[in-house]
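Single-structure report; data block below.
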Amino acid sequence: MKKITLTIKDDKKIGFLMKLLEEFDFIEIQQSGKKVDEAYDFFSSAGMWKGRDIDARELRKQAWKRSR
Numbered sequence: 001m002k003k004i005t006l007t008i009k010d011d012k013k014i015g016f017l018m019k020l021l022e023e024f025d026f027i028e029i030q031q032s033g034k035k036v037d038e039a040y041d042f043f044s045s046a047g048m049w050k051g052r053d054i055d056a057r058e059l060r061k062q063a064w065k066r067s068r
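Okay, here's the thing in structure tokens:
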């Protein structure tokens, strides 16, 4: 058995491709943890630090904190 990975450049064509591949009985489709057509919306995270009293220096300090 061989495995291939496809990168679809046009999101509008994913539905067509999936329907086409489902017609072949010798192809098994395994979906990853994320939905194929689901993309992360970067702008939905905007304002997540609003109202918090923290700056870049404090974030770095917490991120690089090491226990000895």
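To convert, note that position 10 of the sequence shown is 10 in full-length UniProt numbering; the numbers rise steadily by one, no gaps. Cβ atoms here follow ideal geometry from the backbone N, Cα and C, with glycine treated the same way. Just so we're clear, the structure is a prediction, and the values are computed from it rather than from any experiment.
- Of the residues 10, 46, 4, 43, the one whose Cα lies closest to the Cα of residue 27 is 4.
- When secondary structure is reduced to three states using DSSP, residue 23 falls in the coil class, being assigned neither helix nor strand.
- In the DSSP annotation of this structure, the continuous segment of the alpha helix (DSSP H) that includes residue 61 starts and ends at 56-63.
- Straight-line spacing of the CA atoms in residue 30 and residue 10 works out to 20 Å.
- With respect to the 8 Å criterion, residue 8 and residue 20 are not classified as neighbours on the basis of their beta carbons.
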